[in-house]
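Taken in order, these protein sequences are the chains called U and V. Numbering-wise, the first sequence is residues 1 to 528 according to the numbering used here. Numbering-wise, the second sequence is residues 1001 to 1654 according to the numbering used here. Just so you know, even glycine gets a beta-carbon here, dropped at the ideal spot from N, CA and C. Reviewing the structure listed below.
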Amino acid sequence: MNFPLLSLIVWSPMVAAIIVSLLPAQPLAVPRRAAFGLSLIPFVLSLVLVAQFDPSVGALQLTETVPWMPSLGVYYSIGVDGISLWLVLLTTFLSPVVILAAWTDIQHRVKEFMFFMLLLESGMLGALVATDLFLFFMYWELMLFPMVFVIGIWGGPRRRYAAIKFVIYTMAGSALMMIAMLYVVLVHAKTGQLSFDIVTLYDTKLTHLEQTLLFWSFAIAFMIKVPMVPFHTWLPDAHTEAPTGGSVDLAGVMLKMGAYGFLRFALPMFPLAAQEAFPIIIALSVVGIVYGAMVAFPQPDMKRLVAYSSVSHLGFVMLGIYAFNRVGMTGGVLQMVNHGLSTGGLFILIGFIYDRKHTRQIAEYGGLWSVVPIFSAFFLLVTLSSIGLPGLNGFVGEFLILLGAYRAHPTAAAIATTGVVLGAGYMLTMFKHVIFGPVTKEENKKLLDLTPREIAAIVPVIVMIVWMGVYPKPFIDRIEPTVTVLLQRLERAGANQHLGDAPRALASRDAGGEGTRLASAAHDGVAP
Amino acid sequence: MHPEHAHTAAEAVVLATSLLRWIPLLPLIGFGIGVFAASTNRRSIVHITGPGSVLLAFVVSVIAVSRLWTLPAGGAVVDNVFTWISVGMLHLDMTFRVDALTSVMILIITGIGFLIHLYSLGYMHEDADEARFFSYLNLFVASMLVLVLADSLPVVFIGWEGVGVCSYLLIGFWYQDMANADAGRKAMITNRIGDAAFLIGMFILVWAMHDLGAASLRFEDLNRMAPQLGAAAPHLVTAVCLLLLIGATGKSAQIPLYVWLPDAMAGPTPVSALIHAATMVTAGVYMIARLSPLYVLSPAALDVVATIGAVTALFAATMALVQNDLKKILAYSTISQIGYMVLGVGVGSFSGGVFHLMTHACFKALLFLGAGSVMHAMSGELDIHKMGNLKAKLPTTRWTFLVGCLAIAGVPPLAAFFSKDMILEAAFASGHVVLWFIGLTAAGMTAFYMFRAYFLAFEGESRVDHHTEHHLHESPPPMTIPLMVLAVLSIVAGWVGLPHGILWGDAWGHYLAPVLASHEAHEIAGSTVLLLTLVTTGVALGGIFLAYSFYLKSPGTADRIAERFHGIYVLLWNKYWIDELYDRLFITPYVIVSKFFWKVVDAMLIDGVVNGVGVAVGKTSDVWRRLESGNVQHYAAAMLIGAVVTCGVYWWLA
């Protein structure tokens, strides 16, 4: 591939950010329109990317490698595979949507806001496609700071607290990860080859103790990002205080960086330690699902409620990844995209209503259907998507995750399935209080329904929600080969009992006897 | 559309056609048009497309069923639409399939569905949200059709949850009253409890099938592999059957998850007729019948099914005895009647269960629509003590309602006489004498409470207040025509399943036999059958007579009895305090623990630690004030410096 498509996708938002920063700040329409128009470029390019992507290949594709600091083994090398493909598209898809949705949300320093949003997009894209550790870390940090500024400058009343908390949490994780990264590189350098190439580093020879320590260094950084309980309390504050655009990007893409980090680094680099962490990660995932859903239930603030629902949903994603079989892990990757759409959609809609009333308190609303029916209908659909209604996107991911997890740990999967009930509990309760009932507040009777601009922003999200629920095949087909490759790597490193989805003997009383592998002919494990 | 015959391994003749997809697609298109009409305020469109799309679906269903009838017994018409999910060992197709069992279901759903849509034209005429109503109703019909047309469990689940959402939306249709919204939410969440069990059941099943080398959730495969599954892992089969049963108790309003259905009466009455009587609530019975080859492998699970059915039948009937709200009476009656169906499938009479499902769809839709007609005339009044002598002003409603009451009571030769008898006979014959007796007792109560309602509402002296009296009127033809059609159906629907040896005998059972598990029929003597029939009929007539003497012949008897057995009356009146019990047992503790997690664990424990760190960093917060200078160049410079420092650190370390 000579044409640097991937680079164009990553760099075009950065260039767009610079262009926006050079434009006049007034009238406000200038930076808004410019940012929106320019953010369409990476989106269109990433559609080309999907078309170019070969679904039959599990390895990194469309790779580009340019020497950067070759003496140090640092290369500008990027590539995309089934794990990152849809996250790249989700990022470039959400960017114009968010700019359109946040059109009137941001009224001061519009130019700067657009600058940071585009910079953030570039950072997120870079982190998703970087195949060089050094490059990855650069992008990892690059996406952190614009988000801190977006929260800290354009956020709600407690924005400083939220921003500082976000920085402390993330930096703590980043520091651990950086040390671990350098350690891996240095160990690998003993072979005589200094390299930051991620795939090369996969084969670094590490002792068991090293693997364990390094795995947890990475894992904690990523667990904070996911976020997994008990490292999650930055999220409700960050989500709640961030402006709509920040919340959507945070939920849509940045939260995925944690799970992505597990798939790209922690699992393939330290396969044995990663598998040994099975009980802990599974337990924390299940705790996250139930705990997140329970804490979401009594929240009086809509954004806070959705933030806690993210804790619950990301618990599902981690559970799917740690199912260590194709069904569960593919479901986990798919659910990252689904969560980005549903939760992104929820934040966009909450942002619309916040623009009108300037409060996120559930109690300040009620009976909205009779006032703003179009808003309410969209809100209903996204709510149903969030609670995993079959036929919409959320169900497909949830179903695959739970199905896969059932193989890995039946009890955990059964407990996680209660999340289906609890999710309906908090979402429908919020929906009831906001949308149903009589209009209790006089000023709410004058609320205006969605404008054409707002409808234009939310409809693409709705279309994707329905598409991925009805016909998820194109998405799954491109995820699965990469998941298979990853599972093979894990299996080679020493399969334990959790791994794979090969048929097992059904009746335990026959265990050990002849013919207990009832259908080894139909072996469907990860190994060919 | 090129139909072609193909033989499968199981010798069943399968006819492939792209016709079937149109059955759910037509109401789905109706839904889409309804949404358009609702959002652009063009109500008149849905007058055509609402009932019209369901009528077209009915026509296509009739064509599909007639094609099925050209095939030999055990055949099926199949439409493979597209691959839905395919990953790893899992392959799920969006495939629709019409066999004998599904043919019954689609005709009920589209046929009775159309009548109820027609009725709604009259009933909802004055409602400003008519378009929204018809779009929900169309979506419901589409979902329900997916549920019964699905050829695999996960696709059933799409319809299963789809009908749940439509039910949720329609119960809360008049959303401005918070009580309606609460009832909708209660229905949805209660159903989700069942759905979670349904999901786990599917997970167990698919992996068990996978271990047998055939990872599939297609009914054909499940039923074919059922014996092997039962041999390899009998406990798994029992677990799956029980988990799916929990799913069924949610959707079909059985103990312990029935509590949502009485509240669901908050929805418009056509909704109660279509969703909460004729179709959706019978989905659990349909599913158990569909998986009958699996259920027969677990006698233990079947016994649980039968017991839940019988106990629910009696339990709900007792609560129906004292209700004063006409729709509530019908709601408890529905729970009770589905109890019979569940009892039927539980004692292995799968065709009996589905038979009662079919007849019940006719007479219960009739009764609900009759109640709706009364409501329409009485400006929404539902208390039967505030009615009386409605026969004078509402002749059509009265006659058709009477037919419905006779049909549900099991008076020969009306519908439930045959279907309820078939179930009770099967219960007796299979040795479940206790369950038979419970069912018999409930049958007596059914006759009593239905005629209590009938006598109080339509006969005797009028207790209608003057204002309402003045407005009393018979409903318009769009409402009375469905009543009359359903009344005829309620009379004749049972004739397809006559006792052995009489005319065509049990044609119903023969028709369904190829798709249902062949449960070893327990032969009982013809004289015993006759005796059982006489006993059941006697009990039904006794119930009617009791209602007559209590409420018509000597009014006041009922009050005296209520006083005499005050404790029991209070218990029934308060519905055994089950709602309050669930509240104390589950909901209140859940809320308390949730708040504890939020305010203590999250805010104090975890954030306490984080903020401890934060205080130290917070001292630098005045840096923030300077950072907020708003100058992009400063931020960019700061970031660049950060990047350079990071690079430097790397360099140095390397």
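The segment 354-375 of chain U: positions lying closer than 8 Å to chain V by Cβ: Gly367, Trp369, Ser370, Pro373, Ile374
Report yes if the CB atom of V:Gly1526 is closer than 9 Å to the CB atom of V:Gly1543, and no otherwise. To locate residue 1526 of chain V, count along the second sequence from 1; it is residue 526. To locate residue 1543 of chain V, count along the second sequence from 1; it is residue 543. Result no, Cβ atoms of V:Gly1526 and V:Gly1543 do not sit closer than 9 Å.
Output needed in chain order: residues of the segment 1437-1460 of chain V with a Cβ under 8 Å from some Cβ in chain U. none
Less than 9 Å between the beta carbons of U:Leu40 and U:Leu5, yes or no? Indexing the first sequence from 1 puts residue 40 of chain U at position 40. Indexing the first sequence from 1 puts residue 5 of chain U at position 5. Contact: no.
So, at 7 Å on beta carbons, what are the nonlocal neighbours of V:Met1144 in its own chain, with the 5 sequence-adjacent residues on each side left out? Mapped onto the second sequence, residue 1144 of chain V falls at position 144. Hits under 7 Å: Ile1109, Gly1159, Val1163, Thr1279, Met1280.
For the segment 336-344 of chain U against the segment 245-261 of chain U, are there 3 or more C-beta pairs whose distance is under 8 Å? yes
Sequence-distant residues of its chain with Cβ nearer than 7 Å to U:Arg160 (five each side left out): Here residue 160 of chain U is taken as the residue at index 160 of the first sequence, counted from 1. Contacts found: Gly152.
Give the residues of chain U in contact with V:Ser1594, contact being defined as C-beta atoms less than 7 Å apart. Position 594 of the second sequence, counting from 1, holds the residue named residue 1594 of chain V. The contacting residues are Met294, Val295, Phe297, Pro298.
Any idea if U:Ser56 is buried or exposed, counting beta-carbon neighbours within 10 angstroms, 16 or more meaning buried? Counting from 1 along the first sequence, the entry for residue 56 of chain U is found at position 56. Label assigned to U:Ser56: exposed.
What runs of the alpha helix (DSSP H), each 4 residues or longer, lie entirely inside the segment 205-241 of chain U? 208-225, 234-241
Taking the beta strand (DSSP E) that V:Glu1563 belongs to, which residues open and close that run? Position 563 of the second sequence holds residue 1563 of chain V. Counting along the chain, V:Glu1563 falls outside any beta strand (DSSP E), though it belongs to the alpha helix (DSSP H) covering 1557-1564.
Which residues of chain V have a Cβ atom closer than 8 Å to the Cβ of U:Glu480, listed in chain order? Within the first sequence, numbered from 1, the residue matching residue 480 of chain U stands at position 480. Residues of chain V passing the Cβ test: Val1087, Gly1088.
Classify U:Met117 as helix, strand or coil using the three-state DSSP reduction. Translated into positions along the first sequence, residue 117 of chain U becomes position 117. In this structure, U:Met117 counts as helix in the three-state DSSP scheme.
I want to verify the contact list: residues of chain U whose CB lies under 7 Å from the CB of V:Arg1192, in sequence order. Your numbering for residue 1192 of chain V matches position 192 in the second sequence. Under the 7 Å cutoff, chain U gives Val420, Val421, Ala424.
Of all the residues that make up the segment 191-223 of chain U, which are near chain V by a beta-carbon distance shorter than 8 Å? Leu194
Tell me the rounded alpha-carbon separation between V:Lys1251 and V:Thr1282. The residue you call residue 1251 of chain V lines up with position 251 of the second sequence. The residue you call residue 1282 of chain V lines up with position 282 of the second sequence. About 8 Å.
Specify whether the segment 1365-1374 of chain V and the segment 1531-1541 of chain V touch according to this definition: at least 3 beta carbon pairs, one from each stretch, less than 8 Å apart. no
Less than 8 Å between the CB atoms is what I'm expecting for U:Ser84 and U:Val129, so what's the real figure, rounded? As a working note, residue 84 of chain U is residue 84 in the first sequence. As a working note, residue 129 of chain U is residue 129 in the first sequence. The Cβ separation is near 6 Å, so the contact holds.
Residues of chain U with a CB under 8 Å from the CB of V:Asp1579: which are they? By one-based count along the second sequence, residue 1579 of chain V stands at place 579. Here the premise fails: no neighbours, minimum Cβ distance about 17 Å.
Which of helix, strand or coil does DSSP assign to V:Asp1099? What you label residue 1099 of chain V is simply residue 99 of the second sequence in a count that begins at 1. The answer is coil: DSSP assigns V:Asp1099 none of H, G, I, E or B.
Helix, strand or coil: which one does DSSP assign to V:Phe1082? Residue mapping note: residue 1082 of chain V aligns to position 82 of the second sequence, counting from 1. Strand, per DSSP.
Kindly indicate which residue of U:Ala242, U:Val434, U:Gly123, U:Ile9 has the alpha-carbon position closest to the one of U:Gln299. Within the first sequence, residue 299 of chain U is the residue found at index 299, counting from 1. Residue U:Val434 is the option with its Cα nearest to U:Gln299.
Could you compute how far the alpha carbon of V:Lys1575 sits from the alpha carbon of V:Pro1051? As a first step, residue 1575 of chain V must be located in the second sequence, where it is residue number 575. As a first step, residue 1051 of chain V must be located in the second sequence, where it is residue number 51. Cα to Cα, the separation comes out at about 37 Å.
If you reduce the DSSP assignment to three classes, tell me which class V:Met1094 lands in. Your numbering for residue 1094 of chain V matches position 94 in the second sequence. It is a strand residue.
Would you tell me roughly how many angstroms separate the C-alpha atoms of V:Leu1068 and V:Ile1578, rounded to the nearest one? Sequence index remark: in the second sequence, residue 1068 of chain V carries index 68 (1-based). Sequence index remark: in the second sequence, residue 1578 of chain V carries index 578 (1-based). Roughly 46 Å between the two C-alpha positions.
U:Ile530 touches chain V at which residues, Cβ-Cβ below 8 Å? With chain U running from 1 to 528 in the structure shown, residue 530 of chain U is simply not present.
When the Cα atoms are used, what is the spatial distance from V:Gly1111 to V:Pro1270? Taking the second sequence and counting its residues from 1, the one referred to as residue 1111 of chain V is at position 111. Taking the second sequence and counting its residues from 1, the one referred to as residue 1270 of chain V is at position 270. Taking the straight line from one Cα to the other gives about 14 Å.
Pop quiz: V:Ser1379 and V:Met1479 are said to be a contact at Cβ under 8 Å. What is the actual Cβ separation, rounded to whole angstroms? What you label residue 1379 of chain V is simply residue 379 of the second sequence in a count that begins at 1. What you label residue 1479 of chain V is simply residue 479 of the second sequence in a count that begins at 1. With a Cβ gap of about 15 Å, V:Ser1379 and V:Met1479 do not count as contacting.
Measure from the C-beta of U:Asp477 to each C-beta in chain V and report whether the shortest distance is under 9 Å. Taking the first residue of the first sequence as 1, we reach residue 477 of chain U at position 477. Yes, because at least one Cβ of chain V sits closer than 9 Å to the Cβ of U:Asp477.
Near U:Ala507, which residues of its chain fall below 7 Å by C-beta distance, leaving aside the five closest residues on each side in sequence? As a working mapping, residue 507 of chain U is identified with position 507 in the first sequence. Note that U:Ala507 has pLDDT 45, beneath the 50 cutoff, so the model's placement of it is unreliable and no number is given.
So, at 7 Å on beta carbons, what are the nonlocal neighbours of V:Leu1199 in its own chain, with the 5 sequence-adjacent residues on each side left out? Here residue 1199 of chain V refers to the residue found at position 199 of the second sequence. Once the five neighbours on either side are set aside, V:Leu1199 has no close Cβ partner at all.
Any contact between the segment 1216-1225 of chain V and the segment 1182-1198 of chain V? By contact I mean 3 or more CB pairs, one from each, below 8 Å. no
Give the residues from the segment 299-327 of chain U that approach chain V closer than 7 Å (Cβ to any Cβ), ordered along the chain. Asn325, Arg326, Val327
Hey, which unbroken runs of the alpha helix (DSSP H) at 4 residues or more fall wholly within the segment 1110-1160 of chain V? 1130-1149
With DSSP as the reference, please indicate the residues paired to V:Asp1325 in a beta bridge. Position 325 of the second sequence, counting from 1, holds the residue named residue 1325 of chain V. In the DSSP output, where bridge partners are listed per residue, V:Asp1325 has V:Asp1383.
Indicate whether at least one CB of chain V lies closer than 9 Å to the CB of U:Arg346. Numbered from 1 along the first sequence, position 346 holds the residue referred to as residue 346 of chain U. Checking the sequence shown, residue 346 of chain U turns out to be Leu, not Arg. Chain V contact via Cβ: absent.
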